[in-house]
Amino acid sequence: MMISQETRDIYALIIVGNSGVGKSVLGNIILGRQYFKHDFSARSVTHQTESIICQLGDKYYRIYNVPGLIEGDEERIALNRREVSRAFEEQTEHSLVIIYVFGHQNGRIRNEDVVTFRAIHNAYTFSPDSLITVVNGLSPDRPSTYDKETQATLIGLLGMQPGRICFINHLKLDGTQEADVRTCLIDTILSVRPEVHTKNNDMNLMIEGVRGLEAALNKLQIEVESERHEHEAVIASMEREYEATQRLLTLRRLFGQAKANLRRLESFREQQEHLIYMLGQWEAEEIVYADHPSSDHFILARTNKQDAEEELAKNLTTQHQIDVALNVCRGDIEQICYELGQIYNGNLDREYYILFDNLRFDSTIVNVKHSFLNDLYKFTCHHFGDID
């Protein structure tokens, strides 16, 4: 969904990485349409920062597609450096999410991508909470250990946790895989926390400096390979956080469904009261004219009473369906709570309590008579302690 540029409360989503890693393609997949220019070319296609506003989930983002930093001549590097800076400078007072896209050479993380990452990180200090790392264009037949080993490699090469990591396969030209990739990327974007990024240093990156850094990285790659086991605890922690984040995303959806169904239930019960009242009116009218069964008044009263009875039956059926849906929803929420308890050693994430409080204190459903909230309250207190 595209919106006007005047829309308030817009986060920024800046897609960065070197030329040819697929930034424009990924940007278009996130948008769900072709907007950013891309092509198969020996030279970079994106030379100027492009941006567009779109809605992802319940949030609005200005998506930036910026040029790759490293090129073959100093002038081009300087121009690209200014374009990358421009995207960040436009958003100095706004929270943003960063997607950094890595390419690879036969599965091996490229030194030039690490150099660029470090240069931008040195300038704007990425936070793992607002950073998404993408390793793009991978073979679907890669070894089963590749993703975990590459996580460890990235931690060693970058010197920090690389935020949420997405491993994306090389896409077929027929576009059949794009829907799954879009879902994965949007879910990941919504799971991170946008943060304000201020400039701390300049991006000092010239060709000779790049060559020197790449030589140093070759040595570091060897060291990282031999020390990968030291990062296993960090990777395990990242995997737990990822699992928790996925469950919290599901919780948000389930609480949203519960709120919508409780509101529907209230609406149908108000309609039920109205229908019962009208049934009484038409029955009284029918009795008044019972001695004149062929009169227009009697026929109209009986017809309207039958219509009201049919509507009431439909209403009660719908209420029953909503009741079943709410009970299923509560069961799903309880199951996720058990799983979160396993991840957090018997505790729940703070967001669960925020979601629950937002629901039970919502003025639009506070008077709805249903056991959903009471049952969920008792479950939470019994298994995870007092909620108040």
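Going by numbering that gives the first Met the number 0, the sequence shown wraps up at 387, each residue one higher than the last. From the three backbone atoms N, C-alpha and C, an ideal C-beta is built for every residue, glycine too. All figures in this text were calculated on a predicted structure; none of them were measured in a lab.
- For a cut-off of 8 Å, the C-beta gap from I98 to I131 is around 5 Å, short enough to register as a contact.
- Residue ranges of uninterrupted alpha helix (DSSP H) with 4 or more members, entirely inside the region 54 to 105 and ordered along the chain, are 73 to 89.
- With contacts defined as CB atoms closer than 7 Å, L339 and R359 fail to qualify as a contacting pair.
- Cβ-Cβ distances below 7 Å link R263 to I321 in the same chain, with the five nearest sequence neighbours on each side left out; the list follows chain order.
- Between E282 and H291, the alpha-carbon positions lie close to 14 Å from each other.
- Straight-line spacing of the CA atoms in Y376 and D356 works out to 10 Å.
- The C-alpha of F297 lies about 8 Å from the C-alpha of V287.
- DSSP, reduced to helix, strand and coil, places F166 within a strand of the structure shown.
- When DSSP states are grouped into helix, strand and coil, A289 belongs to the coil group.
- Check the Cα spacing between N199 and each of V20, A259, N121 and S266: the tightest is with N121.
- Taking a cut-off of 8 Å on C-beta distances, the region 236 to 254 touches the region 334 to 350, as three or more cross pairs fall below it.
- If you compare the alpha carbons of N64, T149, L156 and R85 with that of G26, the shortest gap goes to N64.
- The continuous beta strand (DSSP E) containing G16 extends over residues I9 to G16.
- Beta bridge pairing from DSSP links E49 with N64.
- Assigned with DSSP and collapsed to three states, N373 falls in helix.
- Its chain contains F267, Q270, Q271 and L274 as the residues whose beta carbon lies nearer than 8 Å to that of N314, once the 5 sequence neighbours on both sides are disregarded; these appear in chain order.
- Counting only the Cα atoms, I29 lies some 21 Å from S138.
- Counting the other CB atoms within 10 Å of its CB gives Q54 a total below 16, which places it among the exposed residues.
- In summary, K368 is exposed, with fewer than 16 beta-carbon neighbours lying within 10 Å of its beta-carbon over all protein chains present.
- Here the alpha carbon of V133 sits roughly 38 Å from the alpha carbon of I386.
- Here I13 is actually not in contact with L78; their C-beta atoms are around 18 Å apart, not less than 8 Å.
- The alpha carbon of N303 has as its nearest neighbour, out of E92, Q176 and M277, the alpha carbon of M277.
- Counting C-beta atoms within 10 angstroms of its own C-beta, N346 has fewer than 16 neighbours from the protein chains shown and is therefore classed as exposed.
- P127 is positioned such that its CB atom lies no closer than 7 Å to that of Y10.
- Going by DSSP, G26 is part of no beta strand (DSSP E) but of the alpha helix (DSSP H) stretching over K22 to L30.
- Going by DSSP, N110 is part of the alpha helix (DSSP H) stretching over N110 to Y123.
- By the beta-carbon neighbour count (other beta carbons within 10 angstroms, threshold 16), P66 is buried.
- In this structure T182 is exposed. Its beta-carbon is surrounded by fewer than 16 other beta-carbon atoms within 10 angstroms.
- When rounded, the separation of the alpha-carbon atoms in T48 and L250 is 36 Å.
- For T144, the secondary structure class from DSSP, reduced to helix, strand or coil, is coil.
- In the structure shown, I364 adopts coil according to DSSP, grouped into three states.
- Our two residues, D146 and I353, have alpha carbons roughly 34 Å apart in a direct line.
- Linking Y60 to Y241 through their CA atoms gives a straight-line distance of about 22 Å.
- G345 carries a coil assignment under DSSP once its states are collapsed to helix, strand and coil.
- Using a Cβ distance threshold of 7 Å, Q280 and C328 do not count as a contacting pair.
- Contact between G31 and N135 is absent: CB atoms are separated by about 18 Å, not below the 8 Å threshold.
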